[in-house]
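Here the protein sequences come in this chain order: A and B. In this text, residue positions in the first sequence follow our numbering: the first is 1000, and each later residue adds one. In this text, residue positions in the second sequence follow our numbering: the first is 1000, and each later residue adds one. Just so you know, even glycine gets a beta-carbon here, dropped at the ideal spot from N, CA and C. Computed from a prediction, not measured in an experiment: that's the story for all the values here.
Number of protein chains: 2
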Amino acid sequence: MTKQECIEQILGGHRRTPNERGEAFASANIALCKYWGKRNEELNLPVTSSLSISLGPLGTQTTLSQIDASSDEIMLNGKSIPSSDVFAKRLTAFLDVFRRSSHQRFYIDTTNTIPTAAGLASSASGFAALVLALDRLMNWGLDQRHLSILARIGSGSASRSIYNGFVQWDRGSRNDGMDSVAERLDATWPTLRIATVFVSVTAKSIDSRSAMRRTCKTSRLYESWPSKVAEDLVKINEAIRNQDFNQLGQTSESNALSMHATMISTSPPILYWLPKSVEHMHQVWALRAEGLPLFFTMDAGPNLKLLFEAQNEDAVRAAFPSSNVIAPFLSTS
Amino acid sequence: MTKQECIEQILGGHRRTPNERGEAFASANIALCKYWGKRNEELNLPVTSSLSISLGPLGTQTTLSQIDASSDEIMLNGKSIPSSDVFAKRLTAFLDVFRRSSHQRFYIDTTNTIPTAAGLASSASGFAALVLALDRLMNWGLDQRHLSILARIGSGSASRSIYNGFVQWDRGSRNDGMDSVAERLDATWPTLRIATVFVSVTAKSIDSRSAMRRTCKTSRLYESWPSKVAEDLVKINEAIRNQDFNQLGQTSESNALSMHATMISTSPPILYWLPKSVEHMHQVWALRAEGLPLFFTMDAGPNLKLLFEAQNEDAVRAAFPSSNVIAPFLSTS
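The following block contains the structure:
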């Protein structure tokens, strides 16, 4: 099934008169159990399920309206972006499949509330906010599951950014991906803290889409990744249910390291870690050996995201003075 | 089968009057396809086969004689070692199974010709030299296959240090390990060079025996390791046969990285890399991207071993001024 057919299937009965404008915010998310590898590249269908935590006020705010113009007008963080820009191209290509006529053009004003120095990806919250804003502009009135599917077609992890809190994206098994949908877990954890430790903003040597593809194709160790994820998802769900922080931290860290391990074993190898990343990893382990319940996770990049609880915030800030601390559940309440 | 029974089976028909002394040298070796994981801890039977290159003059020189004393006397690099020392204990325990009577005592003078700053392990050449010296002292007259088995019982990778050049240690399938033996490949590669890049001599946070054990027990990704090794062994043998340096380097590097990847995915994680290791890895990749055919391998530690050919020695020395260059085939000819 093509992207177009899939979207048609969702929007079929939802064509209504559009509104003047649509506005929405979506939180960024950090996966505790990673999404790594696609079974279908066109629809962003994943090899495995994944589980994330949303980052409350850190995310993307997007406003959409229809304009009478020959091309879309895109504002990013208050600045106009030329249509030749990579970001603009990706946005325009995604919007193409939603236009009611080939002449329909949009004004898109999108602002990331994620500090660059946090080293967090904005594509998940970006596509989620865009889909939510589209739903309001176009007056579709879709439910969250369908919004999650549309966001997923924009960017896999955006399927999770439709929701707040802990979110699990089930891989599903259908070829059309209609069951590859994220859902919010009925759980909260007010004392949970995340801190981003910034290592580098330099453009990555390889984008994560290509890294995923190379891992699936050339990493022998990737064959064991699905069973690792299955095991970790059970443990993370259990940890959330029992508010067992050690189990949550240990499993999340192990899952992230295993994802990086699958990349390290690709040909040619992919290593997102920089010397400073490894220094921070050893620092976390040393602090843990001294008794501080501190863990980390890492996405496809060199930055660390620390996991800890509120009572240890001072100790973590002292050890990592330049980190940005996020309280995911306080800020979304 | 116990260690004792296994050794008895080999030595049964070889009891002769001992000589005055036995002396032997064995080269250290670097695995291009790694030995990682045991299927039998007592006999050091490996999960997979492995393949190494010996390091010519870098290794261990050992002299043995019988003495009339209440305990063994051990000299290491010209210095007497107390019997309470870890090294002495391991040596004495290994010798125990070879004593002709419970009163037989040895004088052991062992010297490593491996500079500490090379960051190379000496247990492989150490146990190989000890077994070769025992064979001469005890007048056993064993063939190399049996010497390889005895060395393996001392330390797995010592099975390969009985030989020079390229050596393959077949995992075997028997429970008594009588087919888990190393053999020399009929091949030479005079232009091959290895350079050790020293990162740290600090005692490792976890010894490789324990690291292997934890990997086998807790790393999900380790499940794919045997099929990775099977594939790499074919490629490395082919590369040696065709003197295809790129294939040799690429496969060796990928194999080493995959071994580290299996450790990175253990619980708790094992990361031998230090910030400096990662800096050197990126440096190798940057040089390769510029066209220099340079690869690396790493054992269970933070140091890199570079692989290249003679014509690029100047370029490698310029990039890694503190490295020690070894010409494995020139020095053993």
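- Beta-bridge analysis with DSSP links tryptophan 1168 of chain A to A:Ser1049, A:Ala1181.
- Taking a C-beta distance under 8 Å as the contact criterion, aspartate 1071 of chain B and leucine 1094 of chain B qualify as a contact pair.
- Below the 7 Å Cβ cutoff, chain A contributes Val1277 as neighbours of tryptophan 1272 of chain B, in chain order.
- At least one CB of chain A lies nearer than 8 Å to the CB of lysine 1227 of chain B.
- For valine 1130 of chain A, the number of other beta carbons within 10 angstroms of its own is at least 16, and it is reported as buried.
- The C-beta separation of serine 1048 of chain A from asparagine 1028 of chain A comes to about 14 Å, leaving the pair out of contact by the 8 Å criterion.
- Contact between lysine 1304 of chain B and serine 1257 of chain B is ruled out by a C-beta separation of about 16 Å, above the 8 Å threshold.
- Beyond the five residues adjoining it in sequence on each side, arginine 1213 of chain B comes within less than 7 Å, by CB distance, of Thr1265, Ile1269 in the same chain, given in chain order.
- Secondary structure note for glutamate 1041 of chain B: it is in no beta strand (DSSP E), with a DSSP letter that is neither H nor E.
- Ranked by how close their Cα comes to the Cα of serine 1051 of chain A, the residues A:Asn1163, A:Met1000, A:Ile1009 have A:Asn1163 in first place.
- The beta carbon of methionine 1280 of chain B sits closer than 8 Å to some beta carbon of chain A.
- Glutamine 1249 of chain A and phenylalanine 1294 of chain A have their C-alpha atoms roughly 7 Å apart.
- If you check the CB distance, alanine 1087 of chain A and phenylalanine 1126 of chain A do not come in under 8 Å.
- Taken through DSSP and simplified to helix, strand or coil, alanine 1288 of chain B comes out as helix.
- Annotation for tryptophan 1224 of chain B: Trp1035, Gly1036, Val1046, Thr1047, Ser1257, Met1258, Thr1261 place their beta carbon closer than 8 Å to its own, counting only its chain and skipping 5 residues before and after.
- Looking at the backbone, the Cα of valine 1315 of chain B and that of threonine 1190 of chain B are separated by about 14 Å.
- Closest in C-alpha terms to leucine 1273 of chain A, from the list A:Asn1111, A:Ser1204, A:Arg1089, A:Trp1168, comes A:Ser1204.
- The beta-carbon of arginine 1213 of chain B is placed no less than 8 Å from the nearest beta-carbon of chain A.
- Membership of methionine 1297 of chain B in any beta strand (DSSP E) is not indicated, and neither H nor E is assigned to it by DSSP.
- CA-to-CA, the gap between lysine 1002 of chain A and leucine 1146 of chain A works out to about 14 Å.
- With respect to the 8 Å criterion, glycine 1011 of chain B and leucine 1063 of chain B are not classified as neighbours on the basis of their beta carbons.
- By the 16-neighbour rule on beta-carbons within 10 angstroms, alanine 1255 of chain B is buried.
- Looking at the DSSP output, arginine 1020 of chain A bridges to A:Ser1064.
- With a threshold of 16 other beta carbon atoms within 10 Å, glutamine 1167 of chain B meets it and is buried.
- Among the CB atoms of chain A, none fall inside 8 Å of the CB of leucine 1291 of chain B.
- A straight line joining the alpha-carbon of glycine 1077 of chain A with that of isoleucine 1325 of chain B spans about 59 Å.
- Counting only the Cα atoms, threonine 1016 of chain A lies some 17 Å from serine 1101 of chain A.
- Here lysine 1033 of chain B is buried: its Cβ has 16 or more other Cβ atoms, across all protein chains shown, within 10 Å.
- By alpha-carbon distance to methionine 1211 of chain A, the top candidate from A:Leu1306, A:Gly1300, A:Thr1110 is A:Gly1300.
- Taking 4 residues as the shortest admissible run, the region 1241-1293 of chain B contains the following complete alpha helix (DSSP H) segments, listed from N- to C-terminal end: 1244-1263, 1274-1288.
- Taking histidine 1279 of chain A as the centre and dropping the five residues before and after it, the same chain places the C-beta of Val1196, Leu1303 closer than 6 Å to its C-beta, in chain order.
- Among the residues of the region 1064-1077 of chain A, none has a Cβ less than 9 Å away from any Cβ of chain B.
- Closer than 8 Å to the CB of glutamate 1022 of chain B there is not a single CB belonging to chain A.
- Only residues of its own chain outside the window of five on either side were considered, and among them Ile1073, Met1074, Phe1086, Ala1087 have a CB closer than 8 Å to the CB of isoleucine 1080 of chain B, listed in chain order.
- With respect to chain B, the C-beta atom of isoleucine 1263 of chain A has a partner C-beta closer than 8 Å.
- By the rule that beta-carbons nearer than 8 Å mark a contact, leucine 1303 of chain B does not touch chain A.
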